[in-house]
Amino acid sequence: MPTPTTNAVRLLLRLLAAPGRLQRKDLAEYLGVPKLDTVTGYINNLREAGIDIQYDQHYRYYVVPRRGFKELDYLAPLSEDDKTRLKRLLGQLPTAEATQLYNKLESLYDYQQLGLEALREPELEKINDIERACKEKRRILLVGYRSRSGNDVRDRKVEAFAVEPERGMIRAYDVAADKRRTSFFMLSRIERVTLLDEFWMCEQEHYYRQADAFNIVMDKTELVHLTLKVSAYNDLVERHPQARQHIVAGKTVNTYDFQGRVNAKYIGLLPFLLANWQHVEVRGPASLLVRLEEEIGALRDRWGGGVRGSP
């Protein structure tokens, strides 16, 4: 059960990620609290801590960069003083909760950048249409969706049931005959959204499955163990900020240890490893090493014959 302090910090992170978009009822739903006055209490506690939270004419809340948040500048990176203040709040929490929220705080700059993109037209129109479809339980068409796993561009008919602008994605049930599963869809890969005159028919299949560090949802996963040098660490957390929750300082100076479950097809991980092979050591599992060998073999077959001096 989240504590009041936990919820206050979660509320702050949510406002920083989606400024000027959420009313009290949205924040109450996000935090899972039944009363709007409870949200007001959290906001007042944050204000007493020196964080200026205001709302617009539509009662949508946002953080004002004043009194210790001068460098926030409406979604600019948090300064070290800002982070120190927030960490003091986290210090009041049990260790497990504090660690989880601290990792979110470290990822905040990346989330803010996504939030900034979400406030731009036509991104805002996409989000508004998707949120409307969620409330009305209507299907939508993701026009011209650029799929990474399918390596194609096509329209996707889905039942969207959650919008996560701080992560730049939505959760939706893909109704295509060859899919029929809940997946994440990146907002940046959607050309536009069309609301359909079709209501949800698969609501019982809507469920929240945890995505891996590469935003892939898959029933079968593998526990991956990597040792990263600084260059590889920077590349990983900048491209996939949620990977931070699986990373700790390594035994050797200037190294980092990644241990976490990722999708069994290693989507997202394989390109990262191939791009950073000089700065990563794969410690397991064996199936990942096999897939890497297959990828390297495919590259050799495709390009090796045309390279002078190749075997």
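Just so we're aligned: 138 in my numbering is position 86 of the sequence shown, and the numbers increase by one with no gaps anywhere. Here a beta-carbon is modelled for each residue, glycine too, at the ideal position from N, C-alpha and C.
{"query": "Contacting residues, own chain, Cβ-Cβ under 8 angstroms from E216 (five flanking each side not counted)", "result": "I222 and R223"}
{"query": "Where the beta strand (DSSP E) through T92 begins and ends", "result": "From DSSP, T92 is part of no beta strand (DSSP E) but of the alpha helix (DSSP H) over L88 to E100."}
{"query": "First and last residue of the uninterrupted alpha helix (DSSP H) at N286", "result": "V282 to R291"}
{"query": "C-beta atoms of L63 and L83 nearer than 8 angstroms", "result": "yes"}
{"query": "L340 to S235 span [Cα, whole Å]", "result": "23 angstroms"}
{"query": "Test item: CB-CB of L322 and L344 under 8 angstroms", "result": "yes"}
{"query": "Backbone secondary structure at V300 - three-state DSSP", "result": "strand"}
{"query": "Neighbour-count burial assignment, G100, 16 or more Cβ in a 10 Å radius", "result": "Rather than Gly, the amino acid found at residue 100 in this sequence is Glu. It counts as exposed."}
{"query": "Nearest-angstrom Cα separation, counted from L194 out to K317", "result": "25 angstroms"}
{"query": "Within 8 angstroms, strictly: CB atoms of S190 and F251", "result": "First, the amino acid is wrong: residue 190 is Arg here, not Ser. Yes, these two residues count as a Cβ contact at 8 angstroms."}
{"query": "Touch test, the stretch 326-341 against the stretch 272-288, Cβ-Cβ under 8 angstroms, three pairs minimum", "result": "yes"}
{"query": "8 angstroms Cβ cutoff met for L247 and D181", "result": "yes"}
{"query": "Local Cβ density within 10 Å of L239, reported as buried at 16 or more and exposed below that", "result": "buried"}
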